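Chemist: So that we are looking at the same thing, I have put the structure below in structure tokens.
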Amino acid sequence: MGILEVKNVNKRFGGLQALGDVNLSVAENTVHAIIGPNGAGKSTLLNCLVGKLIPDTGSVMFAGQSVLGRKPYEINQMGISRVFQTPEIFGDLSVMENMMIPLLAKRDGSFRMHAIESLEDERELRAEAEKMLDEVNMLDKQDMHSASMSRGDKRRLEMAMCLIQRPKLLLLDEPTAGMARADTNNTIDLLKEIKEKRDITMCIIEHDMHVVFSLADRITVLAQGTPLVEDTPENIKGHPKVKEAYLGEAA
Amino acid sequence: MDQIIVQVLNGLDKGSAYALIALGLTLIFGTLGVVNFAHGALFMLGAFCAVIFSRILSLSHEIVDETRTDFLGNPMKIDVPYMHDIFGPELGASIIDWAVPLSILFSIPIMVGIGFAMERGLIKHFYKRPHADQILVTFGLAIVLQEIIKAFFGANPIQTPAPEAFTGSFDFGVLLGFDPLTIMYPYWRLVYFAFAALIIGAVFAFLQFTTFGMVVRAGMADRETVGLLGIDIDRRFTLMFAIAACVAGLAGVMYAPIVAPNYHMGMDFLVLSFVVVVVGGMGSLPGAVFAGFLLGILESFASMPAVVQLLPGINQIVIYLVAIIILLTRPRGLMGRKGVMEE
Amino acid sequence: MLGIKGKDLSVFILVAVLALLAPFLLNPFPVDSAMAQFNAGYPDLMQRFVIFGIFAIGFNILFGLTGYLSFGHAAFLGVGSYAAIWMMKLVSLNIVPGIIMAIVFAGLFSVLVGYISLRRSGIYFSILTLAFAQMSYALAYSVLTPITGGETGLQIKPGDTPLLSNVAEGEIGRANFFGLEMSDSSVITLGGWEFTMNVGYYVCAVVMIAAFYLAIRIFRSPFGMMLRAVKSNQQRMNYTGLNSKPYTLAAFVISGMYAGLAGGLMVAMDTQVGPERMFWTASGEVVLMTILGGAGTLIGPVLGAGFIKYMENIVSKINSTVLHEWFAFLPDGMEDFLVTIFYPFVGKGWHLTLGLMFMAVVIFLPGGLVQGGQKIAAMFRGKKAAEKDGKTANQQTPAE
Amino acid sequence: MSRQNLTRRGVLKTGAAAGAGLALPTYLSAAGHEGFTNAPSGDTVTLGFNVPLTNAYAEEGADELRALELAVEHLNGGGDGGMLQTFSSKALDGTGILGKKVEYVTGDTQTKSDAARASARSMIEKDGAVMITGGSSSGVAVAVQALCQEAGIIFMAGLTHSNDTTGKDRKANGFRHFFNSYMSGAALAPILVDQYGADRKAYHLTADYNWGYTTEEAMASSTEALGWETVNSVKTPLTQTDFSAYIAPVLNSGADVLVLNHYGGNMVNSLTNAVQFGLREAEANGKKFEVVVPLYSELMARGAGQNIAGILGSQNWDWKLENQLGARYSGTNAFVQSFGEKYGFPPSQAAHTCYVQTLLYADAVTRAGSFAPCAVVEALEGFEFDGLGNGPTLYRADDHQCFKDVVVVRGKENPENEFDLVEIVEVTPTEQVTYAPDHPQFAGGALGTCNNGA
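Chains as they are written, first to last, in our numbering: chain P, 1 to 251; chain R, 252 to 594; chain F, 595 to 994; chain S, 995 to 1448.
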């Protein structure tokens, strides 16, 4: 039984069948990649996992609990964090503040009126944030205005923000999209390092096969809203159905 | 039944004014992304174009009539318009009589000029600035414009009557088979409705069937991409602003005979036109027009004696109440596009 | 000190000192000099400065932090005012219960309005709040006349005998703070100068200092940071496990209560309420105050409030006679010339000056008076410092 | 010049409070001991002219201010003296008030009660005004009157027509020279019956605020007493500019008279709309349809232009009174002359009432020999005077309302210029418009006691 169990999920947008009978099982402490050509339903699936979309039928269970009908913040509180295709950070805030917010969310829950306490007094959280920033090599940037950083730094900050919540499951939506090769490699290294250091399950949606094959323990191939194959990276390489799906797209 | 028809007519009439103002406002919102609090002032300036033009036409010279005296006992001075001298008393008088329709011609270049000057001189520097700054600067401009008008024309309303030919009412009921004199509707209000329909149609046709309009519509949808195509979108947007100013101005010109213009008439319409635009949905031209007519008609119905007696005060709040209901049931107004002015 | 430090502490001390010394600072000109026209150190205006300061500080907690632009905040001020005057008419002439009820009622009303309006964002939210405020105004002016007094509003009348206060027959009750009447003043005369120390003003000033202190605490609290996060990126916030709705609602209610406090104080200082306080222009005014001073800055809204109220109360009172007095030392021709030039901008032309000021501030001092002031200060720090600033700024914004 | 800003009682109490912890040094200037607010100590006295300078009534405010400046000029012995020559009381001699030169400050009411109070308070607290006058709406008048009562200042109301000002909101320190809704009704009703017949059905459109309510009540009850029937009455929002939705149903309602209980911009617009919808040419119940505007304002009539032709209404005063109806209304010409000489056009009734109020105040102070509000109140209560343009007039002690003739006017068909828009139809004598102080339309108020602020 995996930590994330997707069963018979269907989603239609008007006349378009975006997801058809998707079944997916992500085992704990693995890296599971979901690949597929454009329009295969990868993003729709992801949005169903985090509460942005509600499937028409089927079930999504996380650690034994259904996530369906829950709001994104509730799902996050269950232990799922998400990294976006373009880094979503608090641009108006400093790097340190960006780190404090997920920590507060983890500690105080989805809402708390701590209006009189001073942020200065949160020494423990600050120390924890510094540790995490150090881990992603951003400690020297903690007072920077985060909107003014490079895209690579923003990506690292976003990941740090997700990781500091110690999620059980980290969802990554094309984490290297639009990155230069060097940055991509850095990101791969960072993810590998994270995987080594802590118990975490990752679910990656990715186009870049280099990233997928460097990281994934298992791969699911989606095509036209349905899973085509699910297997280890070695077996996926050269799988005829996969080739057909991608080539079909190219044609 | 006859009362309902009358109120529908009233609603259409009010609605045409709302729709015309909202149309310009939403064009500016949609194309330039600017919150223009001076839009009401443009409407007011339009109405004053009619006032100014009729003043120009009635420019007079004095002759002294020794046989009569004024209130202080001095000989009476009588004004004779130059128009009477130039065209003779009869033609002169009828030219003056037709001042309001004639001032449409006069106001178009003026309003376009004002719009052009506003956009180039002020608004264009605020495209990248926060909405808060846009509100402050355009609100400041609106105050300045209306104070200038007040300095020249005073605070009282100034009657600007429609031509003699359009005074009186049209017996609308007879057309529909009612008894004569049951549904009477003033000619000028019918003219206003027709005029509004014409302008709205012209703006839509312009945006729909010209390449210019196509570019502008594309720009409304995605400004950056259009910019990337190497199209000089800024220049088109300047013209768009001028057109929006002109639409507001023309709405004002023709409105002058309906409600005597005064310097703060723009502020009276400003809030209402924002409500109309938002209820219609941000970035949607048909939405603005539709919402204008809808709110106009609802306001008219809510003013019916029977309705007011049933729900006292409903006539005071109907527009806002409807706005709340619509915005709660339809998140982006009637026809709003996603992501426009939602941050 | 007091849980705030550094720059915040100096700003707080500055505001406190300015507020407490206002009767002196605002009367810089001797009473009999021609410039006395510009003195603002009389109780009514000083009270208005701080009351609108409170209003704007509260508004800034919502707008400055979360970015939600409410166009109906005057409604809460009005509700607070009506609650306070009814308390004074019925319960006690002591201002404390009145002000408490003002805050409570404004709070309750803002829960209702906020809960509904916050279902939408951006301009849709603004229009919803505007709609609520306009409905409140229209109803208070007409249908609700039995409760609100309609156009003429509510005042304390000779027949009003509050439960807990003794009012002599035929006397009109006066607002007091445990026996200290709001209208009590004492005047200090120093040479040609006169300074009025008014009880009501000091009550307002102390409340304002407390309100300002609270605002600083909120700004620097985790809650305040969450509000800024709402403004910055709601999507990220939701995916970080935070529910942005209660945060924005809390901010909305807090700022509504600030407005109620301001409304209650207005009644405490001047025992009357009129429905115009809830008209959209009144809501617009607090928006303008906040933007003019600098939204999101601590002291900006207070400056903005002072600026607008000063224009309204001082510039509008300058008439042609006063102008002639000013320029009387000049030769006649010059005098008339200058009077003619200045006349359109003062007295009945004060709106014109206000409009020009709005434009000037936003054009030349983007970001409001506070940021403008900082820029000017930076200019004076010399070219070298400026270059250095520029360099660090460049470092902070590397190209992508 | 005195700028004593506080009440005597206030000072004493603060003295005690100072001991109790505020520790404020208290130095009092000599004037504080006269025993009333803002007692003038030097050789000048300051009056506060609180008029609308902005918003809808700015023109009326400007005209009031002109008249007030003229009054100051006359009180100080300048110009031709205006009504000082015709005023029945000869106490004023052109040397200011009690030998003190009259100075004035001006402020903007914005026609909002809050702004008007702020402006009035600044006049009291900063400028040391002993009397406040001006204003062009009843909401403002009631608010400022209440303030003056609290502060111990005399309030001489400007243009305010609601019954409430000297009815349920009357105050001992406040005085109204202008007439009111009841008087309009009482003056108009007989003439309406006379002109249009007793068998009429009236439809009221009423501005939805206090003044509208009292005017509607007065018009309805006065006309009903003489046989008219009120078919319907509809409230219109103050902020309304287009009245088409309210006007359109009138013609088929069974009514044959439309009463527009509107003032200012509302009146201009509703009347304009009524004319647009052809009500002036229409017939109903076999009679010619008529429109009535209970309260006329010349300035607004100018805004309504041709539309007022033939429409009946009432006025407090008109600049043609003396010329047309003789010496009973003496003072009119004197005022019109000096106003016209100075400004080039005749004064409005708003200007007239403010001018007269200022003179009446100055006269009362002179006769009382003191600026103390209670002395002024005593001098004005029950004061009978003449020669101020309205004929013999009484300032009734019970409610501080002036009783005098009411002018019924009609819009001219062919006005010769923009200042001569109405013609006088008749003058209703005082007796017909006098009512008991406890008349139901004025019930619920009490003057209270005069307040010296000390």
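No residue lacks a Cβ here, since even glycine has one placed at the ideal position from N, Cα and C.
Remember, it's a predicted structure, so these values are computed and weren't measured experimentally.
Is there contact here, the stretch 410-417 of chain R with the stretch 349-360 of chain R, by at least three beta-carbon pairs under 8 Å?
Modeler: With the cut-off at 8 Å, the stretch 410-417 of chain R and the stretch 349-360 of chain R touch.
Chemist: Rounded to a whole number of angstroms, what is the C-alpha to C-alpha distance between S/E1097 and F/T790?
Modeler: For this step, residue 1097 of chain S is matched to residue 103 along the fourth sequence. For this step, residue 790 of chain F is matched to residue 196 along the third sequence. Approximately 22 Å between the Cα atoms of the pair.
Chemist: Would DSSP call R/A368 helix, strand or coil?
Modeler: Counting from 1 along the second sequence, the entry for residue 368 of chain R is found at position 117. Note: R/A368 maps to helix in three-state DSSP.
Chemist: Specify the secondary structure class of P/T57 as computed by DSSP and reduced to three states.
Modeler: Taking the first residue of the first sequence as 1, we reach residue 57 of chain P at position 57. P/T57 falls in the strand class under three-state DSSP.
Chemist: Mapping the DSSP letters down to three states, classify S/A1017 as helix, strand or coil.
Modeler: Position 23 of the fourth sequence, counted from the start, is the residue given in the question as residue 1017 of chain S. Since pLDDT at S/A1017 reaches only 33, below the 50 mark, its modelled position is unreliable, and no value is offered.
Chemist: Please report the residue range of the beta strand (DSSP E) in which P/L172 lies.
Modeler: Translated into positions along the first sequence, residue 172 of chain P becomes position 172. Counting along the chain, the beta strand (DSSP E) containing P/L172 begins and ends at L169 to D173.
Chemist: Indicate the three-state DSSP secondary structure (helix, strand or coil) for R/M533 in the structure shown.
Modeler: Within the second sequence, residue 533 of chain R is the residue found at index 282, counting from 1. Three-state DSSP puts R/M533 in coil, outside helix and strand.
Chemist: Quick test of the definition: if touching needs 3 or more C-beta pairs under 8 Å, does the stretch 605-616 of chain F touch the stretch 886-906 of chain F?
Modeler: Contact between the stretch 605-616 of chain F and the stretch 886-906 of chain F is present, because at least three Cβ pairs lie under 8 Å.
Chemist: Would you decide whether S/A984 is buried or exposed? Buried here means 16 or more other CB atoms lie within 10 Å of its CB.
Modeler: What the structure shows of chain S is the stretch from 995 to 1448, and residue 984 of chain S is not part of that stretch, so it cannot be assessed.
Chemist: Anyone know if the C-beta pair for R/A502 and R/L278 falls short of 8 Å?
Modeler: Indexing the second sequence from 1 puts residue 502 of chain R at position 251. Indexing the second sequence from 1 puts residue 278 of chain R at position 27. No.
Chemist: Around the C-beta of P/V22, are 16 or more other C-beta atoms found within 10 angstroms, so that it is buried, or is it exposed?
Modeler: Locating residue 22 of chain P in the first sequence gives position 22, counting from the first residue. It is buried - the Cβ of P/V22 has at least 16 other Cβ atoms within 10 Å.
Chemist: For S/D992, does the three-state DSSP call read helix, strand or coil?
Modeler: Nothing in the structure corresponds to residue 992 of chain S, since chain S is present only between 995 and 1448.
Chemist: Express the C-alpha separation of P/H207 and P/N235 in angstroms, rounding to a whole number.
Modeler: Translated into positions along the first sequence, residue 235 of chain P becomes position 235. Translated into positions along the first sequence, residue 207 of chain P becomes position 207. Approximately 18 Å between the Cα atoms of the pair.
Chemist: Using Cβ-Cβ distances below 7 Å, what residues of the stretch 828-844 of chain F are close to chain P?
Modeler: For the stretch 828-844 of chain F, which is checked against every Cβ of chain P, the residues closer than 7 Å are Q829, R830, N832, Y833, T834, G835, L836, N837, P840, Y841 and A844.
Chemist: Taking the alpha-carbon positions, what's the S/H1346 to R/Q397 distance?
Modeler: Against the fourth sequence, residue 1346 of chain S aligns to sequence position 352. Against the second sequence, residue 397 of chain R aligns to sequence position 146. Computed Cα separation, rounded: 29 Å.
Chemist: Helix, strand or coil: how does DSSP classify P/Q224 here?
Modeler: Here residue 224 of chain P refers to the residue found at position 224 of the first sequence. P/Q224: coil per DSSP, three-state reduction.
Chemist: Quick one: which chain F residues come within Cβ less than 8 Å of R/I394?
Modeler: As a position in the second sequence, residue 394 of chain R is number 143, starting the count at 1. Going along chain F in sequence order, the residues near R/I394 (Cβ under 8 Å) are H945, L946, L948, G949 and F952.
Chemist: DSSP three-state call for R/N287: helix, strand or coil?
Modeler: Counted from its first residue, the second sequence places residue 287 of chain R at position 36. DSSP places R/N287 in coil when its eight states are reduced to three.
Chemist: What's the C-alpha gap between S/L1254 and S/I1241?
Modeler: Here residue 1254 of chain S is taken as the residue at index 260 of the fourth sequence, counted from 1. Here residue 1241 of chain S is taken as the residue at index 247 of the fourth sequence, counted from 1. About 10 Å.
Chemist: Taking a contact to mean a Cβ-Cβ separation below 8 Å, would you say S/M1117 touches S/G1036 in this structure?
Modeler: Counting from 1 along the fourth sequence, the entry for residue 1117 of chain S is found at position 123. Counting from 1 along the fourth sequence, the entry for residue 1036 of chain S is found at position 42. No, the pair does not count as a contact, with Cβ atoms beyond the cut-off.
Chemist: Measuring straight from C-alpha to C-alpha, what distance separates P/E174 and P/A33?
Modeler: For the purposes of this step, residue 174 of chain P is identified with residue 174 of the first sequence, where counting begins at 1. For the purposes of this step, residue 33 of chain P is identified with residue 33 of the first sequence, where counting begins at 1. Each residue's alpha carbon lies about 10 Å from the other.
Chemist: Which class does R/H335 belong to by DSSP, given the choice of helix, strand or coil?
Modeler: Stepping through the second sequence from its first residue, residue 335 of chain R is reached at position 84. Residue state, collapsed to three classes: helix.
Chemist: In the stretch 847-932 of chain F, which residue ranges form an unbroken beta strand (DSSP E) of at least 3 residues, counting only runs that do not cross its ends?
Modeler: For the stretch 847-932 of chain F, not a single whole beta strand (DSSP E) run of length 3 or above is found.
Chemist: Less than 8 Å between the CB atoms is what I'm expecting for S/K1314 and S/I1418, so what's the real figure, rounded?
Modeler: By 1-based counting over the fourth sequence, the position of residue 1314 of chain S is 320. By 1-based counting over the fourth sequence, the position of residue 1418 of chain S is 424. So it is a contact: roughly 6 Å between Cβ atoms.
Chemist: Give me, in chain order, the residues of the same chain whose beta-carbon lies closer than 7 Å to that of F/E879; leave out the 5 immediate sequence neighbours on both sides.
Modeler: For the purposes of this step, residue 879 of chain F is identified with residue 285 of the third sequence, where counting begins at 1. Correct list, in chain order: I902.
Chemist: Within its chain, find whatever has a CB closer than 6 Å to the CB of F/A873; leave out the 5 residues flanking it on each side and keep chain order.
Modeler: In the third sequence, residue 873 of chain F corresponds to position 279, counting from 1. Residue 873 of chain F is actually Phe in this sequence, not Ala. Excluding sequence neighbours, F/F873 sits near Y731.
Chemist: Any idea which residues DSSP pairs S/C1396 with across the strands?
Modeler: Numbered from its first residue, the fourth sequence carries residue 1396 of chain S at position 402. S/Y1389, per the DSSP bridge assignment.
Chemist: Would you say S/A1025 reaches chain F, if we count a Cβ-Cβ gap shorter than 8 Å as a contact?
Modeler: For this step, residue 1025 of chain S is matched to residue 31 along the fourth sequence. In this predicted model, S/A1025 has a pLDDT of only 39, less than 50, meaning its place in the structure is not dependable enough to derive any value.
Chemist: If we count the other Cβ atoms within 10 Å of its Cβ and call it buried at 16 or more, is P/T187 buried or exposed?
Modeler: Here residue 187 of chain P refers to the residue found at position 187 when the first sequence is read from its first residue. Label assigned to P/T187: buried.
Chemist: What does the alpha-carbon distance come out to for the pair R/M518 and R/V302?
Modeler: On the second sequence, position 267 is the one that residue 518 of chain R refers to. On the second sequence, position 51 is the one that residue 302 of chain R refers to. Going by the C-alpha atoms only, they are around 18 Å apart.
Chemist: So if DSSP puts S/F1149 in a beta bridge, which residue, or which two residues, is it bridged to?
Modeler: Mapped onto the fourth sequence, residue 1149 of chain S falls at position 155. According to DSSP, S/F1149 bridges with S/I1126 and S/G1168.
Chemist: S/E1420 lies in the beta strand (DSSP E); which residues open and close that run?
Modeler: Counting from 1 along the fourth sequence, the entry for residue 1420 of chain S is found at position 426. Segment V1416 to T1422, the beta strand (DSSP E) holding S/E1420.
Chemist: Is it the case that the stretch 1049-1058 of chain S contacts the stretch 1337-1355 of chain S, given that we only count it when at least three CB pairs across the two stretches are under 8 Å?
Modeler: Judged by Cβ distances under 8 Å, the stretch 1337-1355 of chain S makes contact with the stretch 1049-1058 of chain S, as three or more pairs qualify.
Chemist: Using a Cβ cut-off of 8 Å (strictly closer), state whether F/K825 contacts chain P.
Modeler: Position 231 of the third sequence, counting from 1, holds the residue named residue 825 of chain F. It does; some Cβ of chain P falls within 8 Å.
Chemist: Report, in whole angstroms, the separation of the C-beta atoms of R/D253 and R/I434, which I expect to be a contact under 8 Å.
Modeler: Counted from its first residue, the second sequence places residue 253 of chain R at position 2. Counted from its first residue, the second sequence places residue 434 of chain R at position 183. So it is a contact: roughly 5 Å between Cβ atoms.
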